[in-house]
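Shown next, in structure tokens, is the structure this report addresses.
There are 2 protein chains.
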Amino acid sequence: MLQFDNEISVLDEACPARQALNLVASKWNVLIIYAPAGGPCRFNQLQRTIGGITQKMLTQSLRQLEQDGILTRTVYPTIPPQVEYELTDLGKTLIAPLNALCNWAETYYADIERNRDEFRR
Amino acid sequence: MLQFDNEISVLDEACPARQALNLVASKWNVLIIYAPAGGPCRFNQLQRTIGGITQKMLTQSLRQLEQDGILTRTVYPTIPPQVEYELTDLGKTLIAPLNALCNWAETYYADIERNRDEFRR
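Heads up: the sequence lines are chains A and B, in that order.
Under the working numbering, the first residue of the first sequence carries the number 1, and numbering increases by one thereafter.
Under the working numbering, the first residue of the second sequence carries the number 1001, and numbering increases by one thereafter.
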């Protein structure tokens, strides 16, 4: 078992760090932060890039991530107005851990599939 | 935007890597893999360590992680039987990325709280 030598721990339900973990323990949030890691993105680009996300879910998630200070939303006064989402400095601190998580999924998915199949037999 | 030079991508809804990402894009699964990183755990130890998890959710999550090959479940023939959960070699490949994620939450939670408060004003 892990031992904890300070008060801040995601394992403690009442700790604010648990709330911060909730932010990234969401498939859509992970993908929405992962996708624009290379630079600013428009809404439609994000929707095209993140397979399976609905317009409603993308809108809600972007709003939450903007409130959390992970993304900025910039409106350019063109006709029609152009809206771009970009990672903040805080958002950029998530690139490395989320890349590691996505790379893990892309590396080990076949093992997991095999284990599930074997379990069903 | 990220560019993709191969077919395997968590951004593709139909890709099996997306299923593997789903496994870890769950708060409870993250904590259930994070908690026993130091060695085998009993059910009650896990439930005590992971604040706020219900018995039902822990049971369901452990069963799924066992089927995915992330954890092993070992029953010792004592009276009453003792059951221990331990990370498999595949499960251990998740320790580093999930530690990074939990450390991120424990490092930046105060920034996120501040951003949320400012947004409400």
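Quick reminder that beta carbons are idealized off the backbone N, C-alpha and C, glycines included.
Computed from a predicted structure; not experimentally measured.
Would you identify the three-state DSSP class for Glu1007(B), choosing helix, strand or coil? coil
Practice prompt. If I'm right that Ile8(A) touches Leu87(A) with Cβ under 8 Å, what's the distance once you round it to whole angstroms?
Written response: Contact doesn't hold; Cβ gap of about 24 Å is too wide.
* Please report how far the alpha carbon of Val1083(B) lies from the alpha carbon of Asn1103(B), in whole angstroms. => Straight-line Cα distance between these residues: approximately 29 Å.
- Task: Rounded to whole angstroms, what's the CA-CA distance from Thr54(A) to Ala35(A)? Just pull it up for me.
- Result: 15 Å
Notebook entry, point to check: Comparing the C-beta of Asn44(A) with each C-beta of chain B, is any distance below 8 Å?
Noted result: no
In three-state DSSP terms, what is Leu2(A)? Here the model assigns Leu2(A) a pLDDT of 49, short of 50, so the residue's position is not dependable, and the following value carries that caveat. The answer is coil: DSSP assigns Leu2(A) none of H, G, I, E or B.
(request) Output yes or no for whether 8 Å exceeds the beta carbon distance between Val75(A) and Glu1106(B). (result) No, the pair does not count as a contact, with Cβ atoms beyond the cut-off.
Uninterrupted alpha helix (DSSP H) stretches inside the segment 66-113 of chain A (no shorter than 4 residues)
89-92
Q. For Asn1029(B), which of Ala1017(B), Pro1016(B), Leu1071(B), Pro1040(B) has the nearest alpha-carbon?
A. Nearest option by C-alpha distance: Leu1071(B).
is_contact[Gly1051(B), chain A] using C-beta, thresh 8 Å:
By this cut-off, Gly1051(B) is an interface position.
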